[in-house]
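Only one structure is covered here, and it is reproduced in the block below.
In our numbering, the protein residues as written are 29 to 746.
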C-alpha cells in the first residue's frame with residue numbers, strides 16, 4: 029500500500045526516482061524497493077523525509093504518512109477522566125472565583141498551583157471546580173494522581189504522558205520510544221485544543237513541568253503540599269493557597285455530613301469538635317464518619333473523647349493531628365477489622381478489590397470491609413473495589429509495622445502474591461494454552477478469552493505493582509513468575525512499556541537470587557517487549573543470554589523458543605540467511621520434543637522470511653503447512669497468524685482474491701480471541717490486499733476499522 033502511495037505521489041509531483049532521492053536524502057535503491065513492495069513498511073524517519081521531498085503538507089501529508097501505518101489515528105471520544113465530585117462541598121468561594129477566570133483572554137496556557145497542608149482538601153477543591161467548569165473544555169479533561177506524597181512510587185512525567193496520549197487517542201505504534209519525543213508529541217496533540225489537565229498530588233515543580241502544554245486554550249491545575257515556587261517563578265503558574273476552613277464552613281461541613289437533626293441542640297459540642305479538629309476537612313470527615321456509623325453516639329461525647337484522649341490535637345503538625353483522629357477511629361474497630369485495616373497498607377496497587385482483602389485477611393472479608401467503610405477508613409471507589417486516602421494508608425502502615433509480627437507481615441504479603449499469581453496464571457493459560465508452564469496447571473477460573481482479558485485489564489495496575497513489591501520484599505520467584513504470566517496479555521493489548529518494566533524488575537530480582545530459570549524467562553519476556561518497541565539489537569542480546577541459560581539448564585523447549593526469537597530478530601534486521609538458520613534450528617528442536625505448536629510457529633516465521641525475499645511460492649507452502657499443524661493442535665491464535673502470513677504470500681503471487689480471504693479469516697479469529705492489536709494488523713494487511721485487487725472502497729473501510737481499534741488499545745501504567 030505504501031509503495032503504491034509513494035509511486036502515485038511521486039508521479040503527481042512530476043519527479044523521477046533520482047530527483048526524489050536528491051530532494052529527500054533517501055537512496056534511489058530504497059525508493060525503488062519501497063515502490064515495488066520489497067520494503068513493505070518503511071521507518072517513520074524515512075516516511076517523513078519522503079514527505080518533505082515530495083513537498084506534501086496538510087491533509088495530503090497526513091494521508092501519505094497514514095499509508096505507512098505509523099501515523100496517529102483519529103482520536104477516541106473526548107477524555108473525561110475526572111474522579112467523582114465530593115458529595116458534600118462547603119466554602120472556598122474566593123478560591124473558586126479565582127479559578128473561574130482561567131483562560132480568559134490569555135495568549136498562553138493557564139497554570140494554577142494549588143497548595144496547602146495535608147488533609148486540607150486540595151484534591152476535593154480541584155475536582156469540584158473541574159466538574160463545575162467541565163463545559164468550558166469541550167475537548168475533555170485529563171487527570172492523573174502524581175503520587176508525590178503517599179505510598180507507592182512517584183509517577184514520573186514519562187509515565188503520565190503515556191497515559192495522557194492513550195486517553196487522547198494516539199495509537200501505540202505512533203508513540204515514539206524516547207521520553208522526550210513522547211512529551212513533544214503530547215504538546216503537539218494538545219495544540220489547538222481546549223482541555224483541562226488536573227495533575228494531582230505533585231511532589232515538586234520538576235515532576236509536572238514537562239507536562240505543561242505549549243499553546244493557549246488549555247488550563248492546568250496542579251495540587252501539591254509543596255508551594256511549587258519554581259512553577260510560579262519560571263512557568264507563570266498562578267498560586268492558590270488553601271488554608272483551614274473557616275469555623276462556619278467547618279461546622280457546615282460536619283452538619284451536612286451528619287445531618288442537622290442529629291446535631292440539633294449541640295452547637296457547643298459542634299464548635300468543640302471543629303476546634304479540636306483544627307478545621308481540617310479530612311479530620312472532620314473521619315469524625316463525621318463515626319457519628320454516622322454509630323447512631324446512638326452524641327456530638328458531646330465525641331467532643332469529650334477528643335478533649336480527653338487526643339492531646340496531640342494541640343500540635344501544629346497536621347500529620348500528628350490526623351494520626352490522633354485516625355487512631356480514635358481505628359480503636360473502635362473489631363479486632364479482625366483492625367487487622368485487615370493494617371494489612372491493607374501492604375497492597376502496593378492503587379486500589380484493593382475483594383480478592384485483595386480476602387488474601388490479606390486469610391479468609392472471607394466482606395463483613396470486615398463493610399465495617400471499614402462505615403467508619404470512613406475505606407471507600408468503595410467502584411463496585412467491589414476499595415481505596416483509602418494516602419494519609420490513611422500511611423497511618424495503617426505505621427500501625428501494621430508497630431503491631432504485627434514481621435513473620436505475619438511476610439505471610440500476608442505471600443498470600444497476596446500467591447492469590448494474584450493463581451488468578452494471573454489461570455488467565456494466561458486461557459489466552460495462550462500452548463505456552464510452556466512455569467507452575468502447576470492453574471484451576472479453571474475463567475470461562476473464555478473475554479473474561480480472562482477483562483480480569484487482567486481490571487487488575488493491570490495492581491499486578492504490575494505486585495511484581496515490584498515481590499522483587500523489593502524478598503519474593504524473587506513470585507516476581508518473575510507474575511511478570512511471565514502477564515506477558516501475553518500485555519503484548520496483545522499494546523502495553524509494551526509495562527511489559528518492559530515488569531521483566532526488567534523480574535530479571536533484577538532473579539539475578540540477585542541466583543535463579544537462572546527465572547533469569548531465562550525474564551530475558552525472553554524482555555525480548556518480546558523490545559521487539560514491539562523496534563529495539564531489535566537489544567532484544568537479540570537478551571535472547572543470546574536466554575539461549576545460553578536454556579542450554580545450561582537442559583531446557584530444550586527454552587532453547588527452541590530462544591532460537592525462534594533470534595530468527596525473528598535477524599529477520600527484522602534484514603539478515604534473512606541468519607534468520608533461516610536460526611528458525612530451522614528452532615524447528616528441529618521443536619520436532620525433537622514433539623512440540624507441534626512450536627514447529628508451526630517456526631514455519632510461519634520462515635514463510636514470512638520467504639515473503640520478504642519475494643519468494644511467494646515458498647512462503648505459501650510454509651504458511652499452508654503451518655496452518656495445517658495449528659489446526660491439528662487446535663491453536664486458533666497461531667492459526668490466525670499463519671493465515672495472515674498466507675495472505676501475504678498469495679498477494680505476492682498476484683492472487684489478491686485469496687489474499688483477501690485469508691486476511692479476513694485471520695482478522696475474525698483475532699477478534700474472537702480478543703487480540704485487538706493483531707486484529708488491527710490483519711485489517712491493515714486486508715486493506716492492502718483490497719487496494720491491490722482494485723477495490724479502494726473496501727480498502728478504506730478496512731483501514732478505518734484498523735485505525736478505530738488502535739485508538740482503543742490501552743497504554744502502559746508504567
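Using N, Cα and C, we set each Cβ at its ideal position, and we do this for glycine too.
Can you tell which of 496, 444, 548 and 538 has its C-alpha closest to the C-alpha of residue 526?
Counting from one through the chain shown, the residue named residue 526 turns up at place 498. It is 496.
In or out: residue 164 buried (at least 16 other Cβ within 10 Å) or exposed?
Counted from its first residue, the chain shown places residue 164 at position 136. Residue 164 is exposed by the Cβ-count criterion.
Helix, strand or coil, according to DSSP, for residue 750 in the structure here?
Since the displayed the chain opens at 29 and closes at 746, residue 750 lies outside it and no answer follows.
In whole angstroms, what is the alpha-carbon distance linking residue 142 and residue 443?
Taking the first residue of the chain shown as position 1, residue 142 is located at position 114. Taking the first residue of the chain shown as position 1, residue 443 is located at position 415. Distance between the alpha carbons of residue 142 and residue 443 is about 40 Å.
Rounded to the nearest angstrom, how far is the Cβ of residue 107 from that of residue 195, given a contact under 8 Å?
Walking along the chain shown from the start, residue 107 turns up at place 79. Walking along the chain shown from the start, residue 195 turns up at place 167. 4 Å between Cβ atoms; contact.
Helix, strand or coil at residue 66 according to DSSP, with G and I counted as helix:
Taking the chain shown and counting its residues from 1, one reaches residue 66 at position 38. It is coil, neither helix nor strand.
For the stretch 657-673 against the stretch 689-697, are there 3 or more C-beta pairs whose distance is under 8 Å?
yes
Residue 103 versus residue 739 - alpha carbon distance
The sequence position of residue 103 within the chain shown is 75, counting from 1. The sequence position of residue 739 within the chain shown is 711, counting from 1. Low local confidence applies: a pLDDT of 46 at residue 103 is under 50, so the model's placement there is unreliable, and no value is given.
Which residue marks the beginning of the beta strand (DSSP E) containing residue 169, and which one marks its end?
Stepping through the chain shown from its first residue, residue 169 is reached at position 141. Here the beta strand (DSSP E) through residue 169 covers 169-173.
Would you say residue 110 and residue 161 are within 8 Å of each other, going by their C-beta atoms?
Position 82 of the chain shown holds residue 110. Position 133 of the chain shown holds residue 161. It is not a contact, given that the beta carbons lie outside the stated cut-off.
I need the straight-line Cα distance from residue 641 to residue 674, nearest angstrom please.
On the chain shown, position 613 is the one that residue 641 refers to. On the chain shown, position 646 is the one that residue 674 refers to. Cα-Cα distance, rounded: 15 Å.
Going by CA-CA distance only, name the one from 204, 257 and 172 that's closest to residue 229.
Taking the chain shown and counting its residues from 1, the one referred to as residue 229 is at position 201. For residue 229, the nearest C-alpha among the options comes from 172.
Buried or exposed: where does residue 225 fall if 16 or more other Cβ atoms within 10 Å of its Cβ makes it buried?
Mapped onto the chain shown, residue 225 falls at position 197. It counts as buried.
Leaving aside the five residues before and after residue 117 along the sequence, list all residues of the same chain whose C-beta is less than 6 Å from its C-beta, in chain order.
If you number the chain shown from 1, residue 117 lands on position 89. Excluding residues within five positions, the ones whose Cβ falls inside 6 Å are 156.
Touch test, the stretch 652-660 against the stretch 449-469, Cβ-Cβ under 8 Å, three pairs minimum:
no
Contact between the stretch 580-594 and the stretch 614-621 is defined here as three or more beta-carbon pairs at a separation below 8 Å; is this criterion met?
yes
N-terminal and C-terminal residue of the beta strand (DSSP E) that residue 266 is part of
Counting from one through the chain shown, the residue named residue 266 turns up at place 238. Start and end: 266-269.
Might you give, ordered along the chain, the residues of its own chain that have their beta carbon closer than 7 Å to the beta carbon of residue 135, omitting 5 neighbours on each side?
Start at 1 with the first residue of the chain shown, and residue 135 comes out as number 107. Answer for residue 135: 244, listed in chain order.
Proximal residues to residue 470 (C-beta, below 7 Å), its chain only, five neighbours per side dropped
Taking the first residue of the chain shown as position 1, residue 470 is located at position 442. Hits under 7 Å: 450, 453, 454 and 457.
Mind checking whether residue 282 and residue 298 have CB atoms under 8 Å apart?
Position 254 of the chain shown, counted from the start, is the residue given in the question as residue 282. Position 270 of the chain shown, counted from the start, is the residue given in the question as residue 298. A contact, by the Cβ cut-off of 8 Å.
Please list, in chain order, all residues of the same chain as residue 584 whose beta carbon is under 7 Å from its beta carbon, the five residues on each side excluded.
Reading the chain shown from its first residue, position 556 is the one you call residue 584. Once the five neighbours on either side are set aside, the close Cβ partners of residue 584 are 617, 620 and 621.
Supposed close pair residue 232, residue 254 - CB separation, criterion 8 Å
Within the chain shown, the letter at position 204 stands for residue 232. Within the chain shown, the letter at position 226 stands for residue 254. With 8 Å as the limit, residue 232 and residue 254 qualify as a contact, their Cβ atoms being about 5 Å apart.
Give me the residue from 322, 130, 330 and 360 with the minimum Cα distance to residue 268.
Here residue 268 refers to the residue found at position 240 of the chain shown. Of the candidates 322, 130, 330 and 360, the one whose C-alpha sits nearest the C-alpha of residue 268 is 130.
Kindly confirm or deny that the stretch 726-735 and the stretch 497-507 touch, where touching means at least three C-beta pairs closer than 8 Å.
no
Leaving out five residues on either side along the sequence, give the residues of the same chain with a beta carbon under 6 Å from the beta carbon of residue 626.
In the chain shown, counting from the first residue as 1, residue 626 sits at position 598. Result list for residue 626: 588 and 618, in chain order.
For the alpha helix (DSSP H) containing residue 719, list its first residue and its last residue.
On the chain shown, residue 719 is found 691 positions in, with the first residue counted as 1. Note, residue 719: alpha helix (DSSP H), 704-720.
Should residue 251 and residue 151 be called a contact, given that it needs their Cβ atoms to be closer than 8 Å?
Within the chain shown, the letter at position 223 stands for residue 251. Within the chain shown, the letter at position 123 stands for residue 151. Cβ distance < 8 Å, so residue 251 and residue 151 count as in contact.
Apart from the five residues just before and just after residue 726, which ones in its own chain have a Cβ nearer than 6 Å to its Cβ?
Locating residue 726 in the chain shown gives position 698, counting from the first residue. Cβ within range, chain order: 718.
Restricting to runs no shorter than 4 residues, where is the alpha helix (DSSP H) found entirely within the stretch 394-479?
394-402, 418-431 and 434-459
Look at the Cβ atom of residue 166, then the Cβ atom of residue 222, and state whether they are nearer than 8 Å.
In the chain shown, residue 166 corresponds to position 138, counting from 1. In the chain shown, residue 222 corresponds to position 194, counting from 1. It is a contact, given that the beta carbons lie within the stated cut-off.
Can you tell me the Cβ-Cβ gap for residue 403 and residue 368, rounded? I've got them flagged as a contact below 8 Å.
Residue numbering aside, residue 403 sits at position 375 when the chain shown is read from its first letter. Residue numbering aside, residue 368 sits at position 340 when the chain shown is read from its first letter. Going by Cβ atoms, the distance from residue 403 to residue 368 rounds to 12 Å, so no, they are not a contact pair.
Run the CB neighbour count on residue 342, radius 10 Å, all protein chains shown included, and call it buried at 16 or more, exposed below.
Residue 342 sits at position 314 when you count from the first residue of the chain shown. Any reading at residue 342 needs caution, since the residue's pLDDT is 33, under 50, leaving its predicted position unreliable; the model's value is listed next. Per the 10 Å Cβ criterion, exposed.
Continuous alpha helix (DSSP H) assignments of at least 4 residues falling wholly in the stretch 272-330
275-286, 288-291, 295-304 and 309-321
Specify, as a first and last residue, the run of the alpha helix (DSSP H) that residue 748 falls within.
Summary: the structure shown does not reach residue 748, with the chain confined to residues 29 through 746, and so no result is reported for it.
Assuming residue 605 is part of the alpha helix (DSSP H), what are its boundary residues?
Here the question's residue 605 lines up with position 577 in the chain shown. Start and end: 604-620.
Between which two residues does the beta strand (DSSP E) containing residue 141 stretch?
Start at 1 with the first residue of the chain shown, and residue 141 comes out as number 113. It spans 138-143 - the beta strand (DSSP E) in which residue 141 sits, taken as one unbroken run.
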